[in-house]
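Everything below concerns the one structure shown next.
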Amino acid sequence: MTVAGKINALVVIVFIVAGTLLVSHIAVREYTYERDQLINQASAQVLSQPQLQPAIYYHDRLALSKSLNEFLSPKAVRQVAIIDASGTTVARREQRGTMGSKAVNFREVRTGFSAVDEGLTTRDGDSPPPKHELFAAFTGGEKLYDLTIPIFSGVNPNKTGLERSDFVDAFSAPDSVNSQHVIGYVHLIISRTMLLAEIAPFVGITLVGYILLLLVCSLIILTVSRRITAPLARLARIADGISSGEFDQDIQVQGSGEVKEIATTLNTIMGGLSHYKTKMDVGHQLLSMKVKERTQQLSRRNKELNQAVLEVTETKDRLRQLAYFDSLTSLPNRRLFTEQLSLLLRLTKRSDQILALLFLDLDNFKRINDSLGHNAGDQLLRKVAMRMSGCVRDSDVVAHYVDSGSRIDVSRLGGDEFTVVLNQIENAEAAGLVAQRLIDALAAPMTIDGHELVVTPSIGIAIAPTDASTVEDLLRAADTAMYHAKTTGKNNYLYYSSDMDAAGVERLKLETDLRKAVELNQLVLHYQPQVDTITGTVVGAEALLRWNHPEHGLVPPFKFIPLAEEMGLIGQLGDWTLIEACRQMKEFRAQGLKLPKVAINVSALQFNSDFINRVEEVLRETKLEPSALELELTEGIAMDDADATIKALHDLKEIGVSLSIDDFGTGYSSLSYLARFPLDELKIDRSFVVEFANSSNDASLVIAIIAMGKSMNLKMVAEGVETLDQYHFLTRHGATVIQGYLFSKPVPAEELRLLLAPYHFLQQIEAITDVNEPAPEVALL
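Anchor point for the sequence shown: position 507 equals 495 in the working numbering, and the numbering is continuous, going up by one each time.
What follows is the structure in structure tokens.
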């Protein structure tokens, strides 16, 4: 394509895109204006017809007939109906020539609106207007707006024996505005197709005008571009001639300054070609000289390579020596430690003596690396190694235990495990004295990069030959004892015993089973409903993960959730929970069950940079609307890296999901984040709910949390409610959404379906309300 053609194509594309956007904007604006104008006109007609009030009260269809005709004056109104306050249709009329529309449940149309508000909802139409079938198909099918306008009256319609004069007196009374009653509604069914048909001529004229403008501009651009590119086309032909050797004189081209510069450049090229042969000869001579020079350089490089080979050989010898010592702490590494321990075990067996192996692991060392960086962690390891070396005899062996597997580089950077071999000790108690000496030595603060740090160790002790007689078995026994020391409180030491193996095997089996739980479909979700105490309806449900173990039955979450976090499986379990909850929620919707939202708990380890994308992906795959999903976050998530958390929460809000703070008030939290974070809900922790009767502080805190949440327009959910006293206390102070065993325990999805019927808990709530509420036992300050 030529330059002129590309310019013309670009201009046409720009004009087409701009025209499309402009016409679309005009169409949307006109459509919105027509719709709003029709709504305002209908509202004005309702206000201008006070005779509707007695006509509705007396069901005077003859008097209403004239009013219905006025409402049908716009062609877009397909049907109008007058409905009294009880929802009974008093009169209805359709647009002439319009087929009967499918009956609409007036209560469904008014769902979500208060009695005094105008309501506007959208639904699919059953058939397009006559003569507009093709237009409706082109615009995406018929859509209908249900507009419901309340009719106010100064007379209470619930009274009996009213006369028409009562309505006249109430209308003329000056204080009638202060006591208005909804006596009925005007229900208009508006056709979107007819609204679009009314603005179609104007949009068509706009489109035709723009097309004419596009043609004129294209013609102008075509003419101008040809005049501009004509000199360039001539230069292109001349360049082709130069490449084929047809031109040998100076080039003369008329045009702008740039075109003249190109012509000058071509003339220069032609002049340079005449000297090309001479330069090639000179270049050949220079090349021969460079070849000779390169030969001499290669000879020197050969000598240098021989010297490098010698240096590499010496370096390999040094590396072989360094392979037995840890480069970070200068202590013997695992390889040298294993060889020495193996030799000492043979000597111990020969001399019938005992040997002790201390396996030491620094508590919470990863937190130091994550907080201060690996450089600070390396400095800390060096100081720990120095202190440990000062606590043992010269005959004992201190080693920095580093895994020799495929990730040895990573474990060297973050490895916090050390071993101490106590050779030729008198009894096993001597090992405990050394272990306590190590704990005391490490208890003194260490200054790292200006930070004063205190590290504590967990130490496992294994005795040879009592506990084991080989290097691997002795290491395993000491490691097992160290693990139990860490799980029993850290900063202590434990001797190995055979009972530890049984606990370790049980834990190992549980870990193995947990890794297969997702694959074998052993995970299930139970749902605990959240009940609105005003309507008795389930307004949400919390999805709770359960593990249906084939041997142990339902494993409690407090057993396998911490284990999953420690094993790094919490992300996989959380992802399964997210997918299953969304899938089940979509299934509820397909079955016509009313469940506004489902809430899932998010672990702090699961809340990372990929979590937001995963939520959006799962919602897209399950086709569940984001508003039906609520994420329950802990205070730990909210307080960890506040700036990053704020951004992540705003990203989640942009997706459309709801956000809730779970177990509020149980962590080290600041109230300021409630104002900074885009939260929707606060959950009052069950510990406060359970203890309110025994603690005035807990009761006061619950009241304060409810008041604070309301002042910040946050929804409040009280969880763990089990007794009537708790129920009355919470509802009396404004908590209307209750979750707990008082209404239902967590149940499978099949049982939850029965609880989702409208007003399911209303009878139970009425029975609770009829019971005399006990006087509060705690004096609240």
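C-beta: ideal position from N, C-alpha, C; glycine also.
Residues sharing a beta bridge with residue i, DSSP
i      : result
PHE652 : ILE672
PHE313 : PRO320
SER446 : ASP349
HIS514 : LEU532
ARG81  : VAL68
GLN560 : None; GLN560 has no bridge partner.
ILE413 : ILE342
HIS721 : Answer is none; HIS721 lacks a bridge partner.
LYS378 : The question names Lys, but residue 378 in the sequence shown is Gly. DSSP, once it has assigned bridges, lists no residue as partnering GLY378.
GLN727 : GLU707
ASP520 : VAL725
HIS439 : ILE436
LEU176 : VAL68, LEU135
Inter-residue CB distance, residue i and residue j (contact presumed, cutoff 8 Å)
i       : j      : result
ALA616  : VAL586 : 7 Å
GLN433  : LEU441 : The residue you asked about is not Gln; residue 433 is Pro in the sequence shown. Between LEU441 and PRO433 the Cβ distance is about 7 Å, and since that is below 8 Å, they are a contact.
TYR46   : ILE171 : That belief does not hold up - the Cβ atoms of TYR46 and ILE171 are roughly 11 Å apart, past 8 Å.
LYS671  : ASP651 : 7 Å
ARG344  : ILE451 : According to the sequence displayed, residue 344 carries Ala and not Arg. Between ILE451 and ALA344 the Cβ distance is about 6 Å, and since that is below 8 Å, they are a contact.
VAL606  : GLY562 : The Cβ separation is near 11 Å, so there is no contact.
GLY459  : SER330 : The question names Gly, but residue 459 is Val in the sequence shown. Indeed they touch by this definition, with Cβ atoms about 5 Å apart.
VAL(-1) : ILE199 : VAL(-1) to ILE199, Cβ: 15 Å. No contact.
For residue j and residue i, the rounded distance between their alpha carbons
i      : j      : result
VAL645 : LEU619 : 7 Å
LEU335 : ASN411 : 10 Å
SER179 : LYS131 : 6 Å
ALA456 : ALA465 : 7 Å
LEU513 : LEU743 : 16 Å
ALA103 : GLU22  : 26 Å
GLY149 : ASP48  : 16 Å
ASN415 : ILE342 : 7 Å
PRO76  : SER684 : Going by the sequence as given, residue 76 is Thr instead of Pro. Answer to the nearest angstrom: the Cα atoms are 52 Å apart.
GLN29  : PHE140 : 17 Å
ASN93  : GLY100 : 14 Å
HIS439 : HIS716 : 51 Å
ALA695 : LEU662 : 13 Å
LEU203 : GLU121 : 33 Å
ASN321 : GLU327 : 10 Å
ASP228 : THR252 : 16 Å
VAL408 : VAL297 : 40 Å
ASP391 : THR525 : With a pLDDT of only 41 at ASP391, under the threshold of 50, the placement of this residue in the model should not be trusted; the figure read from the coordinates follows. Their backbone Cα atoms lie some 58 Å apart in a straight line.
PHE190 : ASN144 : 47 Å
PHE155 : LEU40  : 10 Å
Exposure of residue i, with buried meaning 16 or more beta-carbon neighbours within 10 Å
i      : result
ILE71  : buried
PRO517 : buried
ALA79  : buried
ALA529 : buried
TYR484 : buried
ASP112 : exposed
ALA745 : exposed
GLN727 : buried
GLU770 : Only positions -11 to 769 of the chain appear in the structure, and residue 770 is not among them; the question remains open.
ALA69  : buried
ILE588 : buried
PRO736 : exposed
GLU539 : exposed
GLU405 : buried
ASP305 : exposed
TYR481 : buried
ARG98  : buried
LEU9   : exposed
LEU310 : exposed
VAL212 : exposed
ALA505 : buried
ARG608 : exposed
PHE347 : buried
SER36  : exposed
Discussion item. Which runs of the beta strand (DSSP E) at least 3 residues long sit entirely within the segment 330 to 372? Give them in chain order.
Written reply: 342 to 350
Worksheet item: Residue ranges of each alpha helix (DSSP H) run of no fewer than 4 residues wholly in the segment 451 to 478, ordered along the chain?
Response: 459 to 475
Item to complete: Give, in chain order, every unbroken run of the beta strand (DSSP E) that is at least 3 residues long and sits entirely within the segment 108 to 154.
Response: 131 to 141
Fill in: Runs of alpha helix (DSSP H) wholly within the segment 8 to 56 (minimum 4 residues, chain order)
40 to 46
Worksheet item: Fully enclosed by the segment 555 to 639, which alpha helix (DSSP H) runs are 4 residues long or longer?
Response: 558 to 578, 599 to 610, 623 to 627
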